[in-house]
Structures are given as structure tokens and as C-alpha cells.
Amino acid sequence: MIKTGTHNDLTDIAGVTVGQSVDETARTGVTVMVAERAMTAAVDVRGGGPGTRETDALAPGGLVGQVDAIVLAGGSVYGLAAADGVCAGLGAAGRGFALMDTPGVPRSPIVPAAILYDLANGGDKAWGETPPYRALGLQALKAASDRPVELGRAGAGFGAMAGTDPGGTGSASAMTSDGYTVGALVCVNSFGSVRIPGSDAFWANPFEIGDEFGGVRPPHGHRFGAEDWGAAKLNPGARENTTIAIVATDAALTRDQARRLAVMAQDGLARAIRPVHTPFDGDVVFAVSTGDKVLADPEMVTLARLGALCADTLTRAVARAVFASAGR
Numbered sequence: 001m002i003k004t005g006t007h008n009d010l011t012d013i014a015g016v017t018v019g020q021s022v023d024e025t026a027r028t029g030v031t032v033m034v035a036e037r038a039m040t041a042a043v044d045v046r047g048g049g050p051g052t053r054e055t056d057a058l059a060p061g062g063l064v065g066q067v068d069a070i071v072l073a074g075g076s077v078y079g080l081a082a083a084d085g086v087c088a089g090l091g092a093a094g095r096g097f098a099l100m101d102t103p104g105v106p107r108s109p110i111v112p113a114a115i116l117y118d119l120a121n122g123g124d125k126a127w128g129e130t131p132p133y134r135a136l137g138l139q140a141l142k143a144a145s146d147r148p149v150e151l152g153r154a155g156a157g158f159g160a161m162a163g164t165d166p167g168g169t170g171s172a173s174a175m176t177s178d179g180y181t182v183g184a185l186v187c188v189n190s191f192g193s194v195r196i197p198g199s200d201a202f203w204a205n206p207f208e209i210g211d212e213f214g215g216v217r218p219p220h221g222h223r224f225g226a227e228d229w230g231a232a233k234l235n236p237g238a239r240e241n242t243t244i245a246i247v248a249t250d251a252a253l254t255r256d257q258a259r260r261l262a263v264m265a266q267d268g269l270a271r272a273i274r275p276v277h278t279p280f281d282g283d284v285v286f287a288v289s290t291g292d293k294v295l296a297d298p299e300m301v302t303l304a305r306l307g308a309l310c311a312d313t314l315t316r317a318v319a320r321a322v323f324a325s326a327g328r
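full-length UniProt numbering puts the first residue of the sequence shown at 1, with every later residue one more than the last.
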């Protein structure tokens, strides 16, 4: 029986903190994962319309391969500015990459980011030349802690929609019998639906631990058509739908191994959302390794186990996001 961590969220990974901020008037927000020290990271992009920053820095053969923080934001392209605020805050604290310490030369924080589209959700977006995202990013950074992550209408998921259901921010964790912990954090703004057509049950229901997202099961013998997408959005627009996520583990991974973790974790979205990775979505999954625990031999088998568990945990996090947003 898989067990969750203490909080059942990403902060169950030691050394990982999460901060969130929202602008209720604009119906948008920012979620930031902050690494207490630089951590190995990688990314996998599957959607047809992604919006990202600094993901090339995580590519194989790059100079750095580690991150100080990862930003998930609403606001479409405007939301990428949230990473500016996070960079400013981390730089002021002396965080970041430098080939050598040079007096008077600031370090360069490595802060990849991904955004979702919430511009047409009814919030006041008449911000002219001063979108709120830089300030929201800095606010989320300052709020970062290892306290339980607020789920539902919070952070980057504040103004999101999961198909025609309210979307939101979700998180979950799991622990292996031999001492590894994995966690997932997701902001769900998908074109596809998270619920089985004709039912209140989540696609994720086979992976639920306890009643963490309501315990609803589909009726016995329930059937649906192969192209019945249930509560998917009726009029999807290009770049208007996205699920953005972070998975993390305390296992020590190389950049290539972290990339495999991100690739495998994408299957968690496929289990929780139907359809997924469409031309209308910008689905992105980051993977982070704190490096605290040596990868047990045989390494590739252990990596496969962790990748599968990250996928399952991300599946649960998606359902937890929508479950926590219901009625809000």
C-alpha cells in the first residue's frame, strides 16, 4: 500500500518549499517552487501551444542543469514576467549561478517558468503597461515555505478551468517502501475533462489514496463512447489551455535521469485528463531532484519505479486540484 507524506503534497520533499500569490481582481495568480539549494532539473513539453522561459537551460549538454526555483503562472505570455520577480528576489539574497565570484557582479538565478492561459476568465485584465506578474512572482517567493500547499483556487490555478469544471492547483506525494519520496504539484487549465463522461468520478479514481478527492467511483458497468469527451471545453482556442506541473524526488538523479522522470510523469496527465497534449494545450512537466538519497542499484530499475510513481502521483494531484476547486 502506497503511503503519502505528512502533507500529501510537494513540500514532503525535504528542501523544497512552495509559495503562492493571487490577484483576485484579475482572477490570476502565481505558484513558485523554491529549492533551498540549487537542484538538478529537467523538463518535458508535450502540448501544442506551450509558453515557457529558460527551458533551454535544462537541455542536455547545457552549462547549468540546476535550478534555484521554478515558476508556474497564469496570464499567458504576460505571466512569464513572474520569473523576473523571483529572479530579483533570489538575486538580492545572493542566490544564483556564477562561474566565479566577482565583487560587484550579481549572480544569475536559474528560474525556468511555464504559463497557462486565463486571460478570458472574466477578471479585470486592463493592466496596460503594468501587468501584475512581476509583483506576484516576488510575493509568491516571499511566501514560500514548507507548510501544506493550498489546493484549489490558489496560485497559478486561481483562474483556471479544467474542461468546463473549475480548474486549480493540486499537489500530492507518495513514499516507497525503501525510503524514497516523490511529490507532484500541478496547475490544471486543460481543454480536456478530468471526469468520466456521465459520471462525477475522476479519471484518476483508480489511483486515489483514501478519499483524497472524494472517493467517487463510476457506476458499475458504466460505458461511454470512444469520442465522448464529457466536460471538455466546447470552443478551444490555440494556446488557451494548459496543464503545467512539477514533479520532485529526494533521489539523486543526473540531468538525463531527471528528464526521464519528467517524460514518465507526463503519463500521469494522460491518466487524469481526456483528451490531453492536444494542439490547444501547452502541457509542460518539470522534474527536480534534491539529490539527498543515492539511487539504489540497479539504478535504471529504481529510476523506472520512481518515474511510474511520479506519474501516479501527478494523476492524483490533477484530481485533487479540481476536487478542491469545486463550488469555489
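All C-beta atoms, glycine included, are put in the ideal place defined by N, C-alpha and C.
Among the bridge pairs identified by DSSP, residue 243 is matched with 188.
Per DSSP, residue 270 is one residue of the alpha helix (DSSP H) stretching across 255 to 272.
Note that the C-beta distance between residue 122 and residue 109 is not below 9 Å.
When 172, 62, 126 and 64 are compared, the shortest CA-CA separation from residue 12 is found for 172. Per the C-alpha coordinates, the member of 253, 218 and 260 positioned closest to residue 199 is 218. A Cβ-Cβ separation of about 6 Å places residue 318 in contact with residue 194 under the 8 Å criterion.
Contact annotation: residue 165 and residue 270 have beta-carbon atoms that are not nearer than 9 Å.
The Cβ atoms of residue 186 and residue 140 do not sit closer than 9 Å to each other.
When the alpha-carbon of residue 249 is set against those of 242, 261, 208 and 241, the nearest one is in 261. Rounded to whole angstroms, residue 127 and residue 245 show a C-alpha spacing of 27 Å. Classified as exposed, residue 99 has fewer than 16 neighbouring CB atoms from the shown chains inside 10 Å of its CB. Here the C-alpha atom of residue 161 lies approximately 47 Å from the C-alpha atom of residue 102. With a cutoff of 9 Å on beta-carbon distance, residue 67 and residue 80 are scored as not near each other. Residue 191 places its beta carbon less than 9 Å from that of residue 232. The three-state secondary structure of residue 232, taken from DSSP, is coil. The segment 296 to 314 makes no contact with the segment 48 to 63, as fewer than three CB pairs between them are under 8 Å. Exclusion of the five residues before and after residue 266 leaves 44, 46 and 285 as the residues of its chain whose Cβ lies within less than 6 Å of its Cβ. In the DSSP assignment, residue 150 falls outside any alpha helix (DSSP H), carrying neither H nor E. In terms of Cβ geometry, residue 274 and residue 214 do not form a close pair [threshold 9 Å]. DSSP places residue 95 in the coil class of the three-state scheme, outside both helix and strand.
Here residue 55 has 43 and 112 as same chain residues with Cβ atoms under 6 Å from its own Cβ, once five neighbours each way along the sequence are excluded.
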